[in-house]
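Undergrad: So the protein lines, in turn, are chains A and B.
Going from the first sequence to the working numbering is simple: count from 1 and add 29.
Going from the second sequence to the working numbering is simple: count from 1 and add 1.
Heads up, the beta-carbon is just placed ideally off N, CA and C, and yes, glycines get one too.
So that we are looking at the same thing, I have put the structure below in structure tokens.
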Amino acid sequence: DTAVSQTPKYLVTQMGNDKSIKCEQNLGHDTMYWYKQDSKKFLKIMFSYNNKELIINETVPNRFSPKSPDKAHLNLHINSLELGDSAVYFCASSQDRDSYEQYFGPGTRLTVT
Amino acid sequence: GQSLEQPSEVTAVEGAIVQINCTYQTSGFYGLSWYQQHDGGAPTFLSYNALDGLEETGRFSSFLSRSDSYGYLLLQELQMKDSASYFCAVRLNTGGFKTIFGAGTRLFVKA
Numbered sequence: 030d031t032a033v034s035q036t037p038k039y040l041v042t043q044m045g046n047d048k049s050i051k052c053e054q055n056l057g058h059d060t061m062y063w064y065k066q067d068s069k070k071f072l073k074i075m076f077s078y079n080n081k082e083l084i085i086n087e088t089v090p091n092r093f094s095p096k097s098p099d100k101a102h103l104n105l106h107i108n109s110l111e112l113g114d115s116a117v118y119f120c121a122s123s124q125d126r127d128s129y130e131q132y133f134g135p136g137t138r139l140t141v142t
Numbered sequence: 002g003q004s005l006e007q008p009s010e011v012t013a014v015e016g017a018i019v020q021i022n023c024t025y026q027t028s029g030f031y032g033l034s035w036y037q038q039h040d041g042g043a044p045t046f047l048s049y050n051a052l053d054g055l056e057e058t059g060r061f062s063s064f065l066s067r068s069d070s071y072g073y074l075l076l077q078e079l080q081m082k083d084s085a086s087y088f089c090a091v092r093l094n095t096g097g098f099k100t101i102f103g104a105g106t107r108l109f110v111k112a
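The following block contains the structure:
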């Protein structure tokens, strides 16, 4: 059974489009995260939710909007995609907001052309 | 601001021991984690140090010195499958227990 899953695994789209990435965890964790990993493998936190409540909101363009319908799901919607949005987006979860161990999903490779 | 420094690349031979260093400058330091990431894969958790000293987990050990803002990951009996990127990550007790990742160290293990 996959602990943290993301769909789609690959996403190729044109500039200006709107797209969504979905994430689900079946670990029973309370806290979920979105990270962006750029071409130089730099991994940066974007958002975090704890029990559906937004607790971390980094300096991210407001074209990026996370949504957590329940504590097992965290989706990321991106409006008006730009070339610089091309990256691998990882979803992760942890037992709770105090837990140091994070479990990462397989990633979604987004390519904007 | 927050910053973490780790070497960009390290090369070692199979069976050897390698140490990957990490220095950090942060406010609200809570602990230091290490993650491994193979090409095309997801980061996976290796270890965590909140207190000074050495933590050992099989072939991997991690060390922290809070007074020196320094830690390292020690990999023993290197195997080819250890070729991967290794990230140190600082856990902060501000901003909702945020985790800040270093740029990663690419480890190449040669036969």
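1) If you pair each beta-carbon of the region 26 to 36 of chain B with each one of the region 75 to 83 of chain B, do three or more pairs fall below 8 Å?
2) Taking only beta-carbon atoms, is A/Tyr129 less than 7 Å away from chain B?
3) Which of the three DSSP states is assigned to B/Met81 in this structure?
4) Is the beta carbon of A/Cys52 less than 7 Å from the beta carbon of A/Gly136?
5) Helix, strand or coil: how does DSSP classify A/Leu110 here?
6) How far does the beta strand (DSSP E) with B/Phe61 in it reach, from first residue to last?
7) With a Cβ-Cβ cutoff of 7 Å, do B/Thr106 and B/Ile21 count as a contact?
8) Excluding sequence positions up to five away, which residues of its chain have a Cβ less than 8 Å from the Cβ of A/Gln66?
9) Just curious, the beta strand (DSSP E) that A/Lys177 is in, first and last residue?
10) Grouping DSSP H, G and I as helix and E and B as strand, with all else coil, what is B/Ala104?
11) Can you list, in chain order, the residues of the region 5 to 34 of chain B whose Cβ is nearer than 7 Å to any Cβ on chain A?
12) Measuring alpha carbon to alpha carbon, tell me which residue in B/Glu15, B/Ser9, B/Ser4 is nearest B/Lys111.
13) If you measure beta-carbon to beta-carbon, which residues of the region 98 to 110 of chain B are closer than 9 Å to chain A?
14) What residues from chain A crowd round B/Ala85, counting only those whose CB sits closer than 9 Å?
15) Give a yes or no on whether the minimum CB-CB distance between A/Leu72 and chain B is below 7 Å.
16) Using a Cβ-Cβ cut-off of 7 Å, state whether B/Ala112 counts as contacting chain A.
17) Return yes when the Cβ of A/Tyr132 is within less than 7 Å of the Cβ of A/Ser122, no when it is not.
18) Identify each residue in the region 44 to 64 of chain B for which the Cβ-Cβ distance to at least one residue of chain A is less than 8 Å, and report them in chain order.
TA: The short version:
1) no
2) yes
3) helix
4) no
5) coil
6) 61 to 66
7) yes
8) Leu72, Lys73, Ala116, Val117, Tyr118, Phe119, Gly136
9) Lying outside 30 to 142, the shown extent of chain A, residue 177 of chain A is not represented and no answer is given.
10) coil
11) Gly32, Ser34
12) B/Glu15
13) Phe98, Lys99, Thr100, Ile101, Phe102, Gly103, Ala104, Gly105, Arg107
14) In chain order: nothing, as chain A lies at least about 11 Å away.
15) yes
16) no
17) yes
18) Pro44, Thr45, Phe46, Tyr49, Ala51
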